[in-house]
Amino acid sequence: MEEATAIRQTCGSLYGSLQFISGPVLGKWSDVSGHRHALILCLILSAFGYFLLGFSYSLVFVFLARIPIGIFKHSRTITKAYITDIVPKDHQSATFGRFNAVCSIGFILGPPVGGHIAELPGGFQLAAMLAGGIFLLNAGMLWFCVPEVNSKLKSVASLEVTATQSKLDNNNEETTKSLELQPKVRRVAFSPSKLLYSFKYIDWRNLWDIFLIRLTLGIGTLLYKNHYALFLKARFSASPSTVGYMMSYSAIASACTGFVIGNIADWYKDDRKLLLHSTFMMFISFTSTVFVPDLFWLLIIVTPLAFSTAISRICVTSLTIQKGHRHDSGVLLGLGQSFTAMGRIISPTLASLSSEISVVAPNVISAACSFIVFILMVILSRKKQVEVNEKIK
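Here the sequence shown is numbered in the UniProt record's numbering, starting from 1 and rising by one per residue.
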């Protein structure tokens, strides 16, 4: 059992490391080539990774199969970038919520279906091959049913103009016009070196806070999820079926939240305020899990926890797009995915170390992470209010 856990954590760390590196690169490339074409290619190469996993009969091939999956499995990130192309800004939070709700349905159905398939002879290989087939099916549906959107393919322009932004202020009008026309001329000559060089000109001063929030929330939520099954078994002697039902209930609660997030966002009309309140609800919920007496009360606490976690995830995505309006959505969401992947790398080790101290220690750390984000949101909200008041004066 310990050996299997170590292998699972190693595979998870490998996957997280590859996601951390490839996220922003593929995000920026999707802005250049078009989100639809990038998504199709990522689905096909991810399918190849799952097919390779289906033919794996040794740990070496399992690790090799994780490489293309870790590099190219950014379908959700690029899909969100495509959503920003076709959905007006005022309706993006609601659309992200419905998108996450549909994804949650997959998390509800996937584990029990995969578990039944895994019980068959050669079940693991069959499940991996089926997953690869689903990825190929999605790529085919995307190719034939979803149109490309060209109106917002401005990433080469942002790449070139951002790289020369500091020079434009000192140049004359003629030079400015030539630089504005430069992306259309140099579109074919775009190279990976320019792609990597463009990250230097991202406005980190404006985006550092939302990326820090994403990292902190990612560590807190992933730490809780990684430790959840062990927490149920150690604290309440829960059976495997009970653990499965509790996980499914959390996914159902998250899915229901996704379908109503649009109404909640319309009522708030401020993603920052909504994130502030949702992180405080997360802090209360995580803290309550430390003192929960039995499974009945845990089931009650899981409801607001799943609710607040889903809302926070959507708010962070929306704020990332809003704060980085000067950049393209693909690279922004790709960078956000890198910070989430960093949390995915840290959380397994942190869960193992903290659980040696106490079975509720990971929950305490998760509560601390949500409280840190809450305090940060309070500080940023007050700072923004001061800036607004100064502008009015």
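Where a beta carbon is used, it is the ideal one built from N, C-alpha and C, also for glycine.
All values derive from a computational prediction rather than experimental measurement.
Cβ-based neighbour list, residue i, same chain, cut-off 6 Å, excluding 5 preceding and 5 following
i	result
D271	C315, S318, L319
G16	A341, R344, I345
T257	F307, A310
N170	For N170, the pLDDT reaches just 46, beneath the cut-off of 50, and the residue's location in the model is therefore unreliable, although a value from the coordinates is still provided. Nothing listed; no residue qualifies.
V62	S56
L335	P24
Range covered by the alpha helix (DSSP H) that runs through residue i
i	result
K225	204 to 236
H91	Run containing H91: none; DSSP gives neither H nor E here.
K269	Here K269 belongs to no alpha helix (DSSP H), and DSSP marks it neither H nor E.
L130	123 to 145
P293	From DSSP, P293 is part of no alpha helix (DSSP H); its letter is neither H nor E.
L332	329 to 357
Residue j beta carbon less than 9 Å from that of residue i
i	j	result
S370	F283	yes
F211	A101	no
S22	T221	no
P68	G49	yes
T279	Y224	no
S75	L109	no
G114	A47	no
A226	A351	The question names Ala, but residue 226 in the sequence shown is Asn. Contact: yes.
residue 409	I321	Outside the shown range of the chain (1 to 393) lies residue 409, about which nothing can therefore be said.
K28	G330	yes
L217	S312	yes
L39	T79	yes
A251	F107	yes
L305	M281	yes
Neighbourhood of residue i by C-beta distance below 7 Å, restricted to the same chain and skipping five residues each side
i	result
I213	V316, V373, L376
I105	A255
L262	Note on residue identity: the sequence assigns Gly, not Leu, to residue 262. Closer than 7 Å at Cβ, skipping near neighbours: S93, A94, G97.
S355	H227, L230, A361, P362
G54	Q125, A128, M129, G132
K391	none
Neighbourhood of residue i by C-beta, 8 Å cutoff - its chain only, sequence neighbours within 5 removed
i	result
M247	P111, Y228, A229
A234	V359
R36	Y82, L142, V146, P147, E148, V149
L276	F374, M377, V378, S381
residue 421	Outside the shown range of the chain, which is 1 to 393, sits residue 421, and nothing can be said about it.
N206	K323, G324
E173	Because the pLDDT at E173 is just 45, under 50, the model does not fix this residue reliably, and the value given afterwards should be weighed accordingly. Hits under 8 Å: none found.
V188	Bear in mind that a pLDDT of 38 at V188, under 50, signals an unreliable position, so the number given afterwards is only what the model happens to contain. Hits under 8 Å: none found.
L41	F72
The ligand HEM heavy atom lying under 8 Å from the CB of residue i
i	result
F72	Ligands displayed in this structure: none; no statement on the ligand HEM is therefore possible.
request  = Entirely within the segment 43 to 88 and at least 3 residues each: give me those beta strand (DSSP E) ranges in chain order.
outcome  = none
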